[in-house]
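Residues in the sequence shown are numbered consecutively from 3, following my numbering.
Heads up, the beta-carbon is just placed ideally off N, CA and C, and yes, glycines get one too.
Keep in mind the model is a prediction, meaning the values are calculated, not measured.
Have a look at the structure below before the remarks.
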Amino acid sequence: MAVESGPAPSLDPSKMAALSDSGSNMAGGADPELEPGLVVEALELLLRPPGDRDSAAEPVQEPALCPETLRKNAVALEERLSRAAGWASLRSLRAAVLSRNPALAAGAAGAEPGWAAACGLLALLLCLKERLAALAAAPAAAAAPGAPPPPAADTLSAGQARAVRRALRAAVGLGLLPHLPPGLGPCPGPPPPGPRGARLLAAAAALAELARLPALGVPLLASHLRLLLAGLCVLGHGPAALCQGVSEAERARCREALQDILDRVYQPLAVQELLVLQGPPKQSVPRPRAGPGPAPAWLRRLCGHLLSERLLRPNGVQAVVRGVLEGTGGGAGAEAAALDWRKCDAVAKILASCPQQCLSLEDYYRQVCPQILDLLHIQDKVAARQFQRVATTTVLTMAREHPELAERHLLQPLLFPLLRCSEAAELAVEDLAAGTMLVPEAELGSCMEDVLKVYVVGNDSSSLLLGSLQSVLGVVFSLYSFAKQNVSYLRSPCQEILLWFLEKAERERSLAVLEGLAGLGSTVPALHPRCRVCAGSEGGAAIAVEDTISDEDEALYQKISSEQCHMQSLVELLSHCQKSGLAGDFFIHCLKELAQVAAEDEAAPNLAVEPGGSLLELEQDQARQERKLLVLQLVAALCESVSDTVFTDIVQVQEFVAAVLQRACVSPARGPGAAAEAQTLAMAMGLVAALLGGAVQLQSSDFSVLKRLVPLLEELSHSYPEPLTQELASDLRIAICTHGACAPSTVGAAADSVLGRKLGMGVQSPAGIPSGAPNPRVSRAQPQHRHSNPSAHGERSTEQSAGHEPSATGPTPAPCADSPAPAGLQELLVSAYDPQPPARAAALRHLANLVTQRDPEALQLQEKLLQVFLENVQHEDAFVYLSAIQGVALLSSEYPERILPVLLARYECPAQGTEDAMAAVTRMKLGEVLMRITRALGDMVFQHREPLIRTFLRGARDPDGALRASSLSNLGELCQYLGFQLGSIVQEVTCCVTAIARTDPEAEVRRAAVHVVVLLLRGLSEKVTEVLQDVLRDLYHLLKHVVTAERDGATVLHAQLALEELDTVMRRVLFPPQTLEKKIIVLP
């Protein structure tokens, strides 16, 4: 309430004499049924602006009340109290209130109009407080049946509430604000006359008493809490110079009132007001010319102390965070976002600092850390992002400043659900009953989200955080493996946590963790063997205690299945680590481990054969064998799944080759696996030869890395039993030592073989991936005739072709060297019969590329290329026969009229002199060729429809069950491609499928027959009723028969899928979707 400056008129003393008279007559004249509206009317009369004698509405902008207006309103109120009928009770009540508050009584009778008006307003508000409290204490009237409950007795109307808020503003503005010291009030004016401390005490005590009643305390504390707190701080804790006339007992009561208000008010609001009172630090932005000055030092210390008390209360952390951050969320623009982040970081620093009044740092962490973790679970979407940032930053700050306390009170409780079920847990899982839910779904999901927020989003790779996370990585990996095999939202957070650790940790530590996850080490505690991960009802997972499996076979099966699942998950995880080089380093680490296992096998005797070993030695030997099998399984999985980009630099290539050479030095190739080991060694040495031959531009630093291979190559050149390998190792050592200046011819030949180059030419093939090994015969023969004529070159090719094994099924003559093919193409045809599968497959793929590029020299030899491809289709190596299948498909798609009849004839009648099993396998491979041709031809397959369908129908009657199933599968895919072009042949297809689905003795064949119907329906889609109108009923009866009478579950599933497909199609036909169309016709 504004007060205009001017002379202070004095009030008539005769008018103020009624105060003492009313006090003496209070006991006999007070009306116990005084209505609150009468007190509100008196408040409005005291604050009535000039010229508005009867208006009770609150104006939009309150006019300033000059001292003359305040004096006239006070005189009018006294006249109303002394003369008006029905106001005697209010006069008596006010007199009683003033008698209990002598300071207010003296102020109301004083000569200063502002302070007199403030005292009068406070006296009337105290009267209103007593009446409302009495009404609230009275028993409430019962509501009529069916009627809504009546409002509380102390409820004010809207108009009365406006008048009370206006009176509170005037009381604070006239009685409290002018008496605050500089730096506390928002707009300090000239100091008022009289004792400031006594007046401040009277106003603050009255307002504190009003705040105890909710009906008056809510509007008072909502709008004037800061000024009330400032006044109580001055009176209770301020210097003695600001509290003149205030006794120590009164100051103690002010301190109690301050604590009472801070405890009862909404805690974030209390924090906000205390922060405003504390003000910015001295080194912050300078204060403007107009406005309050900086807060005094004693007030800043007091507010800090009070804020620390708010923090140490129950839920105090959340109150402090809300008090600082409320109102900052949702700001538009980068500046608002940056302000939010700065506030979050500032709050985190406050929470991480121990207050002075706390007993000890340990006690502070014990009290505050659980509340900090609770900030991660805020459900409010608007504030959740800021609260999570505060919590994450606080955790990271505490971990840096006090690692031991942070680990004990923050990280261990955060990871407790995962630590509880690890094999290193102190909890005796064996004592729990089977089926006990050790970690429920909600708790586990919340834990994984918290770990993701703190570790991954926080992104602080300190040793404490990495060490604490490493202790639960085994459980996280088990969850990741489970989520990968099932449908669970935990897959993504588990994968991000694992990848973050592997990226942030040191390389040696990451490799040790990967080794532990693979089961080769003990650096990572795994999931407890008695625990299992089970699916949750909300899409998550839970961890329960499972019963021990008594059946040994079942236990072994469960163990092997779990190991395979973990192996696949580990390989999947490593596929995301190829760019960083971690996958290549781990692959090399596994190869070194394999070499070590091989060395242990050479040194350790087989105790299972020798009967003299003890039980301990037998167990150690069994553990060694299990480790060997695990390493072999891991290397095989990495070779199959990790792509050829696993190596990212020369160092990794050198380490890979060193591991292979070391293994060859320890255990030379002999025994059943000699061929595979020889191929691996040849590939590694050919890789070095390719590097030296120009596949990569090598620097001097690269040669220093390759020189690490020199001792191994020298040892291999003396100890390996194969002379050609010895010679190549010696030549590679010479080339490395001379930095490629002196490169023997065998190095160039090995490089040509690995890079897939045409022999005698210097052009690298498109398939530059190391896929083959050096051919020893070519390597021996090439240096002697490098500059010889082409005729001599042809003779060497004849010699070379004589010693090759053309295929796995038997000796097949290679193409003759004197054929009209060019020299380069002739060498590729010869290499297509190389005894080593990688070299053979590389040659076949090169020939297929020539067909794709429509090389004129290759297209002139169609028949010879077809013969080469068909003979390699019979090879047992998958890489070889798949390359041959691709070549036949490409060649047939270019010339289908010439080659397709040959393939169909071979599919129907296998080659003579072959075993039945081999013939069936070859025919299935030819079926794959025919389907690739079908896909390549597209719509042009219609002209070859009848021979293809006739061939597959004949194959469906073959005695071999696998071939029957393969033929039916091919028939179904062909029908799907033909669609409405099937025509009358659909009758034959339907009869064949129906007979097989009803009568075939093998479930796999019946399954394939039903699958033909599924593919047929999918291919025809909405044209089913047109193309299959004559056989649709028969197909429906067949599917219903399969569903009701078939014993094979997979066949029934295929039939159900076909029925669902048919149901969907028929619904679209019978009930077409309604479309709303608007037609606009333009008239001429």
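Which residues mark the beginning and the end of the beta strand (DSSP E) in which R534 is found? 533-537
Which whole runs of the alpha helix (DSSP H) in the segment 84-109 are 4 residues long or more, in chain order? 90-102
Residue range of the unbroken beta strand (DSSP E) whose run includes A155: From DSSP, A155 is part of no beta strand (DSSP E); its letter is neither H nor E.
CB-CB under 7 Å to M439, same chain, minus the five flanking residues each way: which ones, in chain order? A544, A546
Just to confirm, are L72 and A119 a CB contact at a threshold of 8 Å? yes
Look at the alpha carbon of R1089 and the alpha carbon of A242, and state the distance between them as a whole number of angstroms. The requested residue 1089 is not part of the displayed model; the chain covers only 3 to 1086.
Candidates L421, S524, L434, A435: closest to L446 by CA position: L421
Closest by CA to A485, which one among P405, H568, H411? H568
Per-residue DSSP class, three states only, for A146: coil
Going by Cα to Cα distance, which pick from R956, S885, N851 is closest to V991? R956
Collapsed DSSP secondary structure at A520 in the structure displayed: coil
Are there 16 or more other CB atoms within 10 angstroms of the CB of V220, so buried, or fewer, so exposed? exposed
Using the beta-carbon count (16 or more within 10 Å), is G620 buried or exposed? Contrary to the premise, residue 620 reads as Leu rather than Gly in this sequence. Per the 10 Å Cβ criterion, exposed.
8 Å Cβ cutoff met for V890 and L872: yes
Whole angstroms is fine: what's the gap from Y457's alpha carbon to R665's? 40 Å
Over the uninterrupted alpha helix (DSSP H) stretch that includes M400, give me the two end residues. 383-403
Between the Cα of I951 and the Cα atoms of L970, D941, R934, which residue gives the shortest distance? L970
Run through the segment 997-1045 for me and flag every whole alpha helix (DSSP H) of 4 or more residues, listed as ranges in chain order. 1005-1022, 1026-1029
Determine, using beta-carbon pairs with one atom in the segment 219-236 and one in the segment 257-275, whether at least three such pairs fall under 8 Å. yes
With H, G and I counted as helix, E and B as strand and the rest as coil, what does DSSP make of S473? coil
Check the C-beta distance from F954 over to L928 and give it rounded, since I have them as a contact under 8 Å. That pair is no contact at about 11 Å.
So M933 and E975 are in contact, right, with Cβ under 8 Å, and what is the actual spacing, rounded? 6 Å
By Cβ distance, which residues of its chain are closer than 7 Å to P527, with the 5 residues on each side in sequence left out? S424, E425, A426, S473, G476
Helix or strand or just coil, what does DSSP make of V526? coil
Taking only three categories from DSSP, how would you classify A205? helix
Between I2 and Q654, which are expected to be in contact by the criterion C-beta below 8 Å, what is the C-beta distance as a whole number of angstroms? In the structure as shown, the chain begins at 3 and stops at 1086. Residue 2 is therefore absent and cannot be evaluated.
State the DSSP-derived secondary structure class of L361, mapped to helix, strand or coil. coil
Reducing DSSP to helix, strand and coil, say where A804 ends up. Residue placement at A804 is poorly supported in this model, since its pLDDT is 33, which falls under 50; the coordinates still yield a value, given next. Helix, per DSSP.
Starting from the C-beta of F479, find all residues in its chain whose C-beta is less than 6 Å away, skip the five residues before and the five after it, and write them out in chain order. L519
At which residues does the beta strand (DSSP E) containing L440 begin and terminate? 439-441
Opening and closing residue of the beta strand (DSSP E) in which I545 lies: 543-547
Residue closest to Q838, alpha-carbon to alpha-carbon, out of L694, A684, L905: A684
C-alpha gap between I352 and L375, whole angstroms: 16 Å
Whole-angstrom Cβ separation of L276 and L223, contact assumed at under 8 Å? No, L276 and L223 are not in contact; Cβ-Cβ is about 14 Å, not under 8 Å.
Do L413 and S470 come within 8 Å of each other at the CB atom, strictly closer than that value? yes
Let me make sure I understand the geometry here. Which of V370, S968, D651, K506 has the alpha-carbon closest to that of G318? V370
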